[in-house]
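A.B. asks:
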Amino acid sequence: MTTPACAAYPPDLPPLKSVSPYPLGVAARHLHLADPDWARLAVANVSQLTAEWEMKMEYMLRDDGSLQVDRADALTAFARKYDLKVHGHTLVWYAQDGLHFQKLKGRPDTFLNAYVEYIQAVVARYRGIVRGWDVVNEPIWNDGRGLRPCLWREVLGDDYIGLAFEAAHTADPSSVLFLNDYNLELTPAKRVTFLKLCETLLKNGAPLHGIGTQMHISADLAPAAVGVAIRDIASLGLQVHISELDISLREGRLTNVVEPRLDQLKVFEAVIRAYNDVPAGQRYGLTLWSLRDKDSWMNSARERKGPIPDEPALFDNRGQPKEMARRFVDLVR
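For the sequence shown, full-length UniProt numbering gives the first residue as 1, with consecutive numbering after it.
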């Protein structure tokens, strides 16, 4: 196997995936695959890729209902070349539906058929390649009041979630299927509602195999809240995926000074310690939502808040490991 050309890397720090007791992943976009520095760093340090955007319906579904798969195919080809696993993200999301489905919403039976066909077509295309899928993404209101409104729920009712899981399982019975959401550690009321939904799906026989807790968190989060959330999530006995981890320095009260960086490290340590305590058979993996600080969605032109870039990742803009990367090695080996 040939790896991308190497840049300077601290000789005293082993590749992160070489010491991790569970799959260590990262989100990737198409542009990253063409960046030799990103590719070198990813191949050396992670064992799994998640498509950050290009497996979402917004990209994959054309207006006429056909699939646009070039970028997802490129990502899976890259993963095969370098012997990396792939996690699929995401099949159904309240925030994306597309013109194809909007045109069908007045015909429920046709809509249902198209819904099932889309899910099965995507999952079947990557059967044996994608290890697991975020089947439904962010179904719960952020305050925990219940299910979010969306086109899927409007036409198919609350069972749009169970239907999605059944369709995905039919297309690839070996795939690990997840319900994925955010702020489960920050908002206990949301976590309670989310876990009740998981219990209902299981009671109804849905092939729900795992829970994805995104963990887009900030350095001012109380570290103890992380442990409580992960214990609650693991209590259902399902696979647990820390699916989109980044830790912002720029949210809330934070400024770009020493104290927030120390707080960031404390929160990161809490995440790793809590995940280490999850039974080994339930640890699906931990996925970083950016490899380097400059790759983060928090630093895109649309999302940036304020003039100072955020520093949410384990590697800096030059691809050098930060203290969080070093602490990960200390905590897992």
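Where a beta carbon is used, it is the ideal one built from N, C-alpha and C, also for glycine.
Tell me where the beta strand (DSSP E) around Gly-25 begins and ends.
C.D. replies: 24-28 is the extent of the beta strand (DSSP E) around Gly-25.
A.B. asks: List the DSSP bridge partners of Lys-85.
C.D. replies: In the DSSP output, where bridge partners are listed per residue, Lys-85 has Gln-48.
A.B. asks: Between Val-86 and Gln-48, how many whole angstroms is the CB-CB distance? I'm expecting something under 8 Å.
C.D. replies: The pair is a contact, with the Cβ atoms about 7 Å apart (cut-off 8 Å).
A.B. asks: Is the Cβ-Cβ distance between Thr-200 and Asp-134 less than 8 Å?
C.D. replies: Not closer than 8 Å, so no.
A.B. asks: Confirm, please, whether the CB-CB distance from Val-116 to Ala-72 is below 8 Å.
C.D. replies: Their beta carbons are not under 8 Å apart, which means Ala-72 does not touch Val-116 by this criterion.
A.B. asks: Classify Gly-162: buried if its beta carbon has 16 or more other beta carbons within 10 angstroms, exposed otherwise.
C.D. replies: The residue in question, Gly-162, is buried, as its Cβ has 16 or more Cβ neighbours within 10 Å.
A.B. asks: Taking DSSP's pairing of strands, which residues face Asp-134 in a bridge?
C.D. replies: The partner list for Asp-134 (beta bridge, DSSP) reads His-89 and Phe-178.
A.B. asks: Taking Trp-297 as the reference, give the member of His-32, Thr-170 and Asp-330 with the closest Cα.
C.D. replies: Checking every option, the nearest Cα to that of Trp-297 belongs to His-32.
A.B. asks: By Cβ distance below 7 Å, which residues in the same chain neighbour Leu-147 in space, the five residues on each side in sequence not counted?
C.D. replies: Cβ within range, chain order: Pro-139, Ile-140, Arg-153 and Asp-158.
A.B. asks: Please report the straight-line C-alpha distance between Cys-6 and Gly-205, rounded to a whole angstrom.
C.D. replies: With a pLDDT of 45 at Cys-6, under the threshold of 50, the modelled position of that residue is not reliable, and the figure given next carries that caveat. Approximately 48 Å between the Cα atoms of the pair.
A.B. asks: Using C-beta distances below 7 Å, list every residue in its chain close to Asp-263, excluding the 5 sequence neighbours before and after it, in chain order.
C.D. replies: So the list reads Ala-219 and Asp-220, once near-sequence residues are dropped.
A.B. asks: For Asp-316 versus Trp-289, is the C-beta distance shorter than 8 Å?
C.D. replies: Contact flag unset, no.
A.B. asks: Since I believe Leu-195 is in contact with Gly-132 (beta carbons under 8 Å), could you give me their beta-carbon distance rounded to a whole number of angstroms?
C.D. replies: Wrong, their Cβ atoms sit about 19 Å apart, outside the cutoff.
A.B. asks: Quick check on DSSP: helix, strand or coil for Ser-18?
C.D. replies: Helix.
A.B. asks: Count the other CB atoms within 10 Å of the CB of Ala-79; is the residue buried (16 or more) or exposed (fewer)?
C.D. replies: Ala-79 comes out buried.
A.B. asks: Counting only the same chain and skipping the five closest in sequence on each side, list residues whose C-beta sits under 6 Å from that of Cys-150.
C.D. replies: Closer than 6 Å at the Cβ level, and outside the excluded window around Cys-150, lie Tyr-94.
A.B. asks: Would you report the Cα separation of Tyr-22 and Pro-11, rounded to the nearest angstrom?
C.D. replies: Their Cα atoms are separated by approximately 23 Å.
A.B. asks: Following the continuous alpha helix (DSSP H) through Gln-102, name the residue where it begins and the one where it ends.
C.D. replies: Here the alpha helix (DSSP H) through Gln-102 covers 99-102.
A.B. asks: Hey, would you say Ala-313 sits closer than 8 Å to Leu-13, going by beta carbons?
C.D. replies: In this structure, Leu-13 does not lie closer than 8 Å to Ala-313 by Cβ.
A.B. asks: To the nearest angstrom, how far is the alpha carbon of Gly-106 from that of Arg-62?
C.D. replies: Whole-angstrom Cα-Cα distance: 19 Å.
A.B. asks: Given that a residue counts as buried once 16 or more other Cβ atoms are within 10 Å of its Cβ, and exposed if not, what is Leu-99?
C.D. replies: Its Cβ having fewer than 16 others within 10 Å, Leu-99 is exposed.
A.B. asks: Tell me which residues share the same chain as Asp-232 and place their Cβ nearer than 7 Å to its Cβ, disregarding the 5 neighbours each side in the sequence.
C.D. replies: Hits under 7 Å: Arg-191 and Leu-195.
A.B. asks: Mind checking who Ser-300 pairs with in its DSSP beta bridge?
C.D. replies: DSSP output for Ser-300 lists no bridge partner at all.
A.B. asks: Can you give me the Cβ contacts of Lys-17 inside the same chain, cut-off strictly under 7 Å, excluding the 5 residues immediately before and after it?
C.D. replies: Excluding residues within five positions, the ones whose Cβ falls inside 7 Å are Leu-24, Asn-45, Val-46 and Ser-47.
A.B. asks: Which same chain residues end up closer than 7 Å to Ala-189 when comparing Cβ atoms and leaving out the 5 residues on each side of it in sequence?
C.D. replies: Hits under 7 Å: Asp-143 and Gly-144.
A.B. asks: Would you mind reading off the limits of the beta strand (DSSP E) that contains Val-240?
C.D. replies: 239-248 is the span of the beta strand (DSSP E), which, as asked, contains Val-240.
A.B. asks: Can you give the Cα-Cα distance for Tyr-284 and Tyr-118, rounded to whole angstroms?
C.D. replies: Computed Cα separation, rounded: 26 Å.
A.B. asks: Have a look at Met-57 and Leu-236 and give me their C-alpha separation to the nearest angstrom.
C.D. replies: Using only the alpha carbons, I get a separation of about 29 Å.
A.B. asks: If we count the other Cβ atoms within 10 Å of its Cβ and call it buried at 16 or more, is Thr-2 buried or exposed?
C.D. replies: No answer about Thr-2 holds up, because its pLDDT of 48 lies below 50 and its placement is not dependable.
A.B. asks: Can Gly-212 and His-241 be called in contact, C-beta distance under 8 Å?
C.D. replies: Contact: yes.
A.B. asks: If you drop the 5 nearest sequence neighbours on each side, which residues of the same chain put their C-beta closer than 7 Å to that of Leu-254?
C.D. replies: The predicted model places Leu-254 with a pLDDT of 49, which falls under 50 and marks its position as unreliable; any figure quoted below should be read in that light. Cβ within range, chain order: Ser-218, Ala-219, Asp-220 and Pro-260.
A.B. asks: Consult DSSP for Thr-170 and reduce its assignment to one of helix, strand or coil.
C.D. replies: Note: Thr-170 maps to helix in three-state DSSP.
A.B. asks: In three-state terms, what does DSSP make of Ile-308?
C.D. replies: Reduced to three states, the DSSP call for Ile-308 is coil.
A.B. asks: With DSSP run on the structure shown, which of helix, strand or coil describes Leu-254?
C.D. replies: Note that Leu-254 scores a pLDDT of 49, beneath 50, so its modelled location is shaky; the value from the coordinates is reported in the next line. Of the three classes helix, strand and coil, the one that applies to Leu-254 here is coil, per DSSP.
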